[in-house]
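In my numbering, the protein residues as written are 53 to 486. Beta carbons are placed, not taken as given, at the ideal position from N, Cα and C, and that holds for glycine. Scroll down for the structure; my scribbles are underneath it.
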């Protein structure tokens, strides 16, 4: 249950949702074909206009690449979005209106808005409420697809955690970094000619950096990463959420410094540390909750009413003496089912508010009524609570998160490349611009 997702996503949705009104109607031509579906010039113009408007509002208009390059970058994002949505549809991953309502409410809550204030914020960015909701539906769908296809398949062993703590003590300091990067992606079917082109691009980037040109400007018009339109900025991240080998690189940089070019399986990277700050999470004492749950996910085959009814029946059985763990193993749709629904010791903020609030209101051994969250319907049971100094446990949890996030990001990049390789993609942007 990623507590960061909806808070971060609100800014992304608004960033991509300020709609520019065209004064004239242009011919709507096809700019790309993705399998059997097309992306039109109006869809591309709309997304480009929204990105441009957002950058200008943030005072980053000077970082924008030339229009031709920006169109290509945004078109590639639309293509990959379409490929994933097609896969989600084929896998029957659907986000119904109830799930969407919960997602929108969570966005408002995480940004300290009422629903009306969120509506006003969306309207001020020039987008209709219906359009905003569909943007949220798309993002939730893509997030669910990634969870199923990538994140849920990533595992980190206790031995890996212990080894990481032993060999990377500096990674667990709680330090946060504001990082920007440039990625020059390795082309598909790399050959000698394509390698020369990649090296030429890298030399040009390095030459511009040595000449003192603005890093964000170079990232905007040169980087192949999706964040290129933001000048390559990743925002404030602790080490557990830095991608790949970036964590080890930024630990050796001072604010303002830039790394030499670094190669990975994805391509060539240049990393800049913008700022650095410390936090004292490891020194905090918090109340932890040991809980377990049974999760039912709604779908075309299981409505909200049916999920509630099933959980109420399970709750009645538990109250009458049935074993919670055995029912979780047989009924829960969560990965914790194999452990009898056991979620282990949870810290404040580890779960989404819709889950945490009712969990905190339960007495030990009490079973909740059916609770709805963005992930489905839950029965929650609190086993025990304790006050805990976060020092050692913080180190273990952070080490596990670092390893899991690194594995997940690498797996996600590989998965996206595989999806792209298997899809039929035909670009027609040049024809449309003629």
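Along the chain, where does the beta strand (DSSP E) that runs through residue i open and close?
{"i": "residue 328", "result": "319-329"}
{"i": "residue 478", "result": "477-479"}
{"i": "residue 375", "result": "First-last for residue 375: undefined, no H or E at that position."}
{"i": "residue 84", "result": "82-86"}
Quick one: using the 10 Å Cβ neighbour count with 16 as the cut-off for buried, is residue i buried or exposed?
{"i": "residue 380", "result": "buried"}
{"i": "residue 337", "result": "exposed"}
{"i": "residue 77", "result": "Confidence in residue 77 is poor, its pLDDT being 45 and thus under 50, which makes the residue's placement too unreliable to answer from."}
{"i": "residue 274", "result": "buried"}
{"i": "residue 434", "result": "buried"}
{"i": "residue 284", "result": "buried"}
{"i": "residue 393", "result": "buried"}
{"i": "residue 240", "result": "exposed"}
{"i": "residue 482", "result": "exposed"}
{"i": "residue 323", "result": "buried"}
{"i": "residue 126", "result": "buried"}
{"i": "residue 245", "result": "exposed"}
{"i": "residue 219", "result": "exposed"}
{"i": "residue 401", "result": "exposed"}
{"i": "residue 234", "result": "buried"}
{"i": "residue 308", "result": "exposed"}
{"i": "residue 64", "result": "Low local confidence applies: a pLDDT of 42 at residue 64 is under 50, so the model's placement there is unreliable, with the coordinate-based value given in what follows. Residue 64 is exposed by the Cβ-count criterion."}
{"i": "residue 251", "result": "exposed"}
{"i": "residue 454", "result": "buried"}
{"i": "residue 426", "result": "buried"}
{"i": "residue 457", "result": "buried"}
{"i": "residue 105", "result": "buried"}
CB residue i to CB residue j, shorter than 8 Å?
{"i": "residue 475", "j": "residue 86", "result": "yes"}
{"i": "residue 461", "j": "residue 295", "result": "yes"}
{"i": "residue 459", "j": "residue 84", "result": "no"}
{"i": "residue 202", "j": "residue 467", "result": "yes"}
{"i": "residue 213", "j": "residue 391", "result": "no"}
{"i": "residue 372", "j": "residue 422", "result": "no"}
{"i": "residue 419", "j": "residue 367", "result": "yes"}
{"i": "residue 290", "j": "residue 228", "result": "yes"}
{"i": "residue 182", "j": "residue 237", "result": "no"}
{"i": "residue 378", "j": "residue 230", "result": "no"}
{"i": "residue 416", "j": "residue 438", "result": "no"}
{"i": "residue 139", "j": "residue 197", "result": "yes"}
{"i": "residue 107", "j": "residue 249", "result": "no"}
Between the C-alpha atoms of residue i and residue j, what's the straight-line distance to the nearest angstrom?
{"i": "residue 339", "j": "residue 431", "result": "21 Å"}
{"i": "residue 92", "j": "residue 82", "result": "4 Å"}
{"i": "residue 342", "j": "residue 397", "result": "4 Å"}
{"i": "residue 386", "j": "residue 349", "result": "9 Å"}
{"i": "residue 73", "j": "residue 133", "result": "Confidence is the limiting factor: at residue 73 the pLDDT is only 41, short of 50, which leaves the residue's position unreliable, though a coordinate-based value still follows. About 23 Å."}
{"i": "residue 269", "j": "residue 131", "result": "24 Å"}
{"i": "residue 424", "j": "residue 411", "result": "12 Å"}
{"i": "residue 146", "j": "residue 346", "result": "21 Å"}
{"i": "residue 163", "j": "residue 351", "result": "28 Å"}
{"i": "residue 414", "j": "residue 209", "result": "31 Å"}
{"i": "residue 123", "j": "residue 452", "result": "39 Å"}
{"i": "residue 311", "j": "residue 406", "result": "42 Å"}
{"i": "residue 472", "j": "residue 135", "result": "7 Å"}
{"i": "residue 469", "j": "residue 144", "result": "22 Å"}
{"i": "residue 441", "j": "residue 102", "result": "46 Å"}
{"i": "residue 355", "j": "residue 95", "result": "33 Å"}
{"i": "residue 159", "j": "residue 151", "result": "12 Å"}
{"i": "residue 149", "j": "residue 409", "result": "23 Å"}
{"i": "residue 137", "j": "residue 313", "result": "34 Å"}
{"i": "residue 374", "j": "residue 388", "result": "19 Å"}
{"i": "residue 170", "j": "residue 153", "result": "13 Å"}
{"i": "residue 261", "j": "residue 267", "result": "7 Å"}
{"i": "residue 317", "j": "residue 358", "result": "46 Å"}
Could you tell me which residues DSSP puts in a beta bridge with residue i?
{"i": "residue 441", "result": "337"}
{"i": "residue 287", "result": "231"}
{"i": "residue 521", "result": "The chain is shown only over 53 to 486; residue 521 falls outside these bounds and no answer can be derived."}
{"i": "residue 429", "result": "348, 424"}
{"i": "residue 91", "result": "84"}
{"i": "residue 310", "result": "324"}
{"i": "residue 436", "result": "342"}
{"i": "residue 419", "result": "433"}
{"i": "residue 394", "result": "344"}
Is residue i near the ligand SAM, going by C-beta to nearest heavy atom under 7 Å?
{"i": "residue 433", "result": "The model on display carries no ligand, and the ligand SAM is accordingly not part of it."}
Just to confirm the assignment, what range does the alpha helix (DSSP H) spanning residue i have?
{"i": "residue 255", "result": "244-262"}
{"i": "residue 179", "result": "Where residue 179 is concerned, there is no enclosing alpha helix (DSSP H), given that its DSSP letter is neither H nor E."}
{"i": "residue 413", "result": "It is not in any alpha helix (DSSP H) - residue 413 carries neither H nor E in the DSSP assignment."}
{"i": "residue 159", "result": "149-162"}
{"i": "residue 279", "result": "Taken as a continuous stretch (DSSP letters only), residue 279 belongs to no alpha helix (DSSP H), as it is neither H nor E."}
{"i": "residue 300", "result": "298-302"}
{"i": "residue 402", "result": "Element bounds for residue 402: n/a, residue is neither H nor E."}
{"i": "residue 206", "result": "From DSSP, residue 206 is part of no alpha helix (DSSP H); its letter is neither H nor E."}
{"i": "residue 294", "result": "Careful: residue 294 lies outside any alpha helix (DSSP H) and carries neither H nor E."}
{"i": "residue 126", "result": "119-142"}
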